[in-house]
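Asker: So the sequences go chain by chain: A and B.
Residue 1 is where the first sequence starts when you use this note's numbering, and the numbers rise one by one after that.
Residue 226 is where the second sequence starts when you use this note's numbering, and the numbers rise one by one after that.
Don't be surprised by glycine CBs; every beta carbon is placed ideally from N, CA and C.
Bear in mind the structure is a predicted one, so any value in this text is a computation, not a measurement.
There are 2 protein chains.
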Amino acid sequence: MRALIVEDDKALARTLGEMLKSVHFESDICNDGESGLDWGLSGDYDLVVLDIMLPMKDGFSIARELRKAKIAAPILMLTARTETDDKVRGLDSGADYYLTKPFEMSELLACVRALTRRQGEVVMDELSFGDLKLNLSTCDLSWGDKKVRLGKKEFSLMHIFMSNGEAVVSKDTLINKVWGFESDAEDNNVEVYISFLRKKLAFLKAPVQIATLRKFGYRLERTDT
Amino acid sequence: MRALIVEDDKALARTLGEMLKSVHFESDICNDGESGLDWGLSGDYDLVVLDIMLPMKDGFSIARELRKAKIAAPILMLTARTETDDKVRGLDSGADYYLTKPFEMSELLACVRALTRRQGEVVMDELSFGDLKLNLSTCDLSWGDKKVRLGKKEFSLMHIFMSNGEAVVSKDTLINKVWGFESDAEDNNVEVYISFLRKKLAFLKAPVQIATLRKFGYRLERTDT
DNA sequence: CCCGAACCTGAAAAAAGCCTGAACCTTTAC
DNA sequence: GTAAAGGTTCAGGCTTTTTTCAGGTTCGGG
Numbered sequence: 001m002r003a004l005i006v007e008d009d010k011a012l013a014r015t016l017g018e019m020l021k022s023v024h025f026e027s028d029i030c031n032d033g034e035s036g037l038d039w040g041l042s043g044d045y046d047l048v049v050l051d052i053m054l055p056m057k058d059g060f061s062i063a064r065e066l067r068k069a070k071i072a073a074p075i076l077m078l079t080a081r082t083e084t085d086d087k088v089r090g091l092d093s094g095a096d097y098y099l100t101k102p103f104e105m106s107e108l109l110a111c112v113r114a115l116t117r118r119q120g121e122v123v124m125d126e127l128s129f130g131d132l133k134l135n136l137s138t139c140d141l142s143w144g145d146k147k148v149r150l151g152k153k154e155f156s157l158m159h160i161f162m163s164n165g166e167a168v169v170s171k172d173t174l175i176n177k178v179w180g181f182e183s184d185a186e187d188n189n190v191e192v193y194i195s196f197l198r199k200k201l202a203f204l205k206a207p208v209q210i211a212t213l214r215k216f217g218y219r220l221e222r223t224d225t
Numbered sequence: 226m227r228a229l230i231v232e233d234d235k236a237l238a239r240t241l242g243e244m245l246k247s248v249h250f251e252s253d254i255c256n257d258g259e260s261g262l263d264w265g266l267s268g269d270y271d272l273v274v275l276d277i278m279l280p281m282k283d284g285f286s287i288a289r290e291l292r293k294a295k296i297a298a299p300i301l302m303l304t305a306r307t308e309t310d311d312k313v314r315g316l317d318s319g320a321d322y323y324l325t326k327p328f329e330m331s332e333l334l335a336c337v338r339a340l341t342r343r344q345g346e347v348v349m350d351e352l353s354f355g356d357l358k359l360n361l362s363t364c365d366l367s368w369g370d371k372k373v374r375l376g377k378k379e380f381s382l383m384h385i386f387m388s389n390g391e392a393v394v395s396k397d398t399l400i401n402k403v404w405g406f407e408s409d410a411e412d413n414n415v416e417v418y419i420s421f422l423r424k425k426l427a428f429l430k431a432p433v434q435i436a437t438l439r440k441f442g443y444r445l446e447r448t449d450t
């Protein structure tokens, strides 16, 4: 993890760096606003600690410009100003936390933990088999730039196949998982849906097919090219 | 957007609710810790405002248990305690921001904005999907120079769609987030509003549609040109 | 080579889900 | 208080999904 510290008080900057080091951050330090912004724009920091009053360029502007450049790293604003207006301005410039000096190091570290904790963000779930992809959040099956929408049962079936790789899946298994443990669905229902899926795979021109293994079931296979 | 306020000072709770309302949050209020936790566990909130000293169960425990249950909503901890130890404890329990009373409402709202701002989004009061824009402060949906005003429910729905990009959103989710998880709204209510929104999108001639995925829900889609 | 079991698939019926106009109710603004 | 805006309910009609069915094809063992 890398942190950028933009702070003109060199002693404080160094202390911050050491504190962060104790929680496994490598820190870079800038003593003025311009260089702070430049470094921040590189985009490879996981945290930015920003003073407000700085030579050359103030912390508000830096935060604003970083956000404008789509830099998403958490910004911790650190300042002696206690006015509510400053806090509001700081947070609205794009900062994620506003901490007023003086503060204890334990508090700062707790903030840092809170800010960096939520990194397990938007996980776009997707199953894939070769280049065939099943998007679990949009429910569509795609290969290259072609996409088809799957109905619910089609989706469940495909989901099962794609989670099983190349393993054979029996009709019984499919019926149990898709139609439910105790349903009166028959083998033919599965067959019909397999047929639907094959049509869609053909439409995608995907190099993948659903192969039949008589008396055993079905499985996904790559169709070599 | 829905907020859960857990605060035993009823007057303050009500004030908070009103403040949040002005930034388009529907709030549910709990006056004790136990019910606060229960409600929070429903997982339908986009923000939790938590007092620390509460009857039945303190804010630290609530935050900890919510996180344990994988509830990811931002937690704003709100308290009179100014001890560094309390702050550290609060943040480490899972809170995302620690605000000490007394505070001004403008500060609270700035925190809320900072907390609910999706990472990577720059302009705070506008969501966008392609060229379609939803102005969060005027509730206007616009495309190019055309604009329509959305009602509150229409707005909430659109807000959810636009924060979710192209992901499918189920009717249950929509009902829980727009009408509240213990409401008796039915699927048809959602359908009616989807219908309203479609009319407005059509009026805007926006290249965006609300697609139906039968048995899954709805999602935004670009209508290719 | 022949037969039956297993499988495929188009079509159509049945069921489930969805859309929407309109009437009616509730809240808000003045 | 009143009107307008917003919200809810309802019913009939429409669309898509799911099931059913029937005739055809494939496969493997005798």
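State the Cα-Cα distance for the pair arginine 306 of chain B and isoleucine 400 of chain B, rounded to the nearest angstrom.
Answerer: Rounded to whole angstroms, arginine 306 of chain B to isoleucine 400 of chain B spans 37 Å at the Cα level.
Asker: Among A/Leu201, A/Glu107, A/Ala69, A/His24, which has the Cα closest to the Cα of glycine 144 of chain A?
Answerer: Among A/Leu201, A/Glu107, A/Ala69, A/His24, the Cα nearest to that of glycine 144 of chain A is on A/Leu201.
Asker: Just checking: is the beta-carbon of serine 331 of chain B within a distance shorter than 8 Å of some beta-carbon in chain A?
Answerer: By this cut-off, serine 331 of chain B is an interface position.
Asker: Starting from the N-terminal side, write out each stretch of the alpha helix (DSSP H) that is 4 residues or longer and does not extend beyond the stretch 342-426 of chain B.
Answerer: With a minimum length of 4 residues, the continuous alpha helix (DSSP H) runs that stay inside the stretch 342-426 of chain B are 377-388, 396-399.
Asker: Determine the contact status of leucine 445 of chain B and glutamate 391 of chain B, defining contact as a CB-CB distance below 8 Å.
Answerer: Taking 8 Å as the Cβ cut-off, leucine 445 of chain B and glutamate 391 of chain B qualify as a contacting pair.
Asker: Which residues does DSSP list as the beta-bridge partners of leucine 99 of chain A?
Answerer: Answer is A/Leu78.
Asker: Which residue comes first and which comes last in the beta strand (DSSP E) that contains leucine 50 of chain A?
Answerer: Counting along the chain, the beta strand (DSSP E) containing leucine 50 of chain A begins and ends at 47-51.
Asker: Using a Cβ-Cβ cutoff of less than 6 Å, which residues in the same chain neighbour glutamate 251 of chain B once the five nearest sequence positions on both sides are dropped?
Answerer: Only Arg227 meet the Cβ criterion.
Asker: Among all the DSSP beta bridges, which residues are the ones paired with alanine 28 of chain A?
Answerer: Per the sequence shown, residue 28 of chain A should be read as aspartate rather than alanine. Looking at the DSSP assignment, aspartate 28 of chain A forms a beta bridge with A/Leu4.
Asker: Mind checking whether leucine 37 of chain A and lysine 57 of chain A have CB atoms under 8 Å apart?
Answerer: The answer is yes: Cβ separation under 8 Å.
Asker: So the alpha helix (DSSP H) arginine 239 of chain B belongs to, where does it begin and stop?
Answerer: That run of the alpha helix (DSSP H) goes 235-246.
Asker: Bridge partners of alanine 211 of chain A, per DSSP?
Answerer: BP columns for alanine 211 of chain A point to A/Arg219.
Asker: Helix or strand or just coil, what does DSSP make of alanine 110 of chain A?
Answerer: Helix, per DSSP.
Asker: Using the C-alpha atoms, what's the distance from tyrosine 322 of chain B back to glutamate 329 of chain B?
Answerer: Cα to Cα, glutamate 329 of chain B sits roughly 15 Å from tyrosine 322 of chain B.
Asker: Which same chain residues end up closer than 8 Å to glycine 315 of chain B when comparing Cβ atoms and leaving out the 5 residues on each side of it in sequence?
Answerer: Within the same chain, glycine 315 of chain B has close Cβ partners Ile277, Gly284, Phe285, Ala288, Met302, Thr304, Tyr323.
Asker: Straight-line CA distance for glycine 17 of chain A to aspartate 233 of chain B?
Answerer: In a straight line, the C-alpha of glycine 17 of chain A is about 40 Å away from that of aspartate 233 of chain B.
Asker: Which chain B residues sit within Cβ distance under 7 Å of valine 88 of chain A?
Answerer: Here the neighbours are Ser331, Glu332, Ala335.
Asker: Using a Cβ cut-off of 7 Å, pull out every chain B residue sitting near aspartate 258 of chain A, in sequence order please.
Answerer: No statement about residue 258 of chain A is possible, as the shown extent of chain A runs from 1 to 225 and does not include it.
Asker: Determine whether the beta carbon atoms of alanine 110 of chain A and aspartate 317 of chain B lie at a separation below 8 Å.
Answerer: A contact, by the Cβ cut-off of 8 Å.
Asker: Which value, in whole angstroms, describes the spacing of the CA atoms of leucine 375 of chain B and leucine 141 of chain A?
Answerer: Looking at the two C-alpha atoms, the distance is approximately 33 Å.
Asker: For glycine 268 of chain B versus isoleucine 300 of chain B, is the C-beta spacing smaller than 8 Å?
Answerer: In this structure, isoleucine 300 of chain B does not lie closer than 8 Å to glycine 268 of chain B by Cβ.
Asker: Give every residue of the same chain whose Cβ lies closer than 8 Å to the Cβ of aspartate 28 of chain A, excluding the five residues on either side of it in the sequence, and list them in chain order.
Answerer: Contacts found: Arg2, Ala3, Leu4, Ile5, Trp39, Tyr45.
Asker: Which word fits glutamate 107 of chain A, buried or exposed, when buried means at least 16 other C-beta atoms lie within 10 angstroms of its C-beta?
Answerer: Result: buried.
Asker: Where does methionine 330 of chain B fall in DSSP's three states?
Answerer: In this structure, methionine 330 of chain B counts as helix in the three-state DSSP scheme.
Asker: Taking threonine 138 of chain A as the query, report the chain B residues whose CB atoms sit under 8 Å from its CB, ordered along the chain.
Answerer: Within 8 Å Cβ-Cβ: Glu391, Ala392, Val393, Arg444.
Asker: Check for me: the alpha helix (DSSP H) holding isoleucine 62 of chain A runs from which residue to which?
Answerer: 59-68 is the extent of the alpha helix (DSSP H) around isoleucine 62 of chain A.
Asker: Looking at leucine 115 of chain A: is its Cβ nearer than 8 Å to the Cβ of alanine 69 of chain A?
Answerer: It is not a contact, given that the beta carbons lie outside the stated cut-off.
Asker: Indicate whether leucine 204 of chain A and lysine 146 of chain A have their beta-carbon atoms separated by less than 8 Å.
Answerer: A contact, by the Cβ cut-off of 8 Å.
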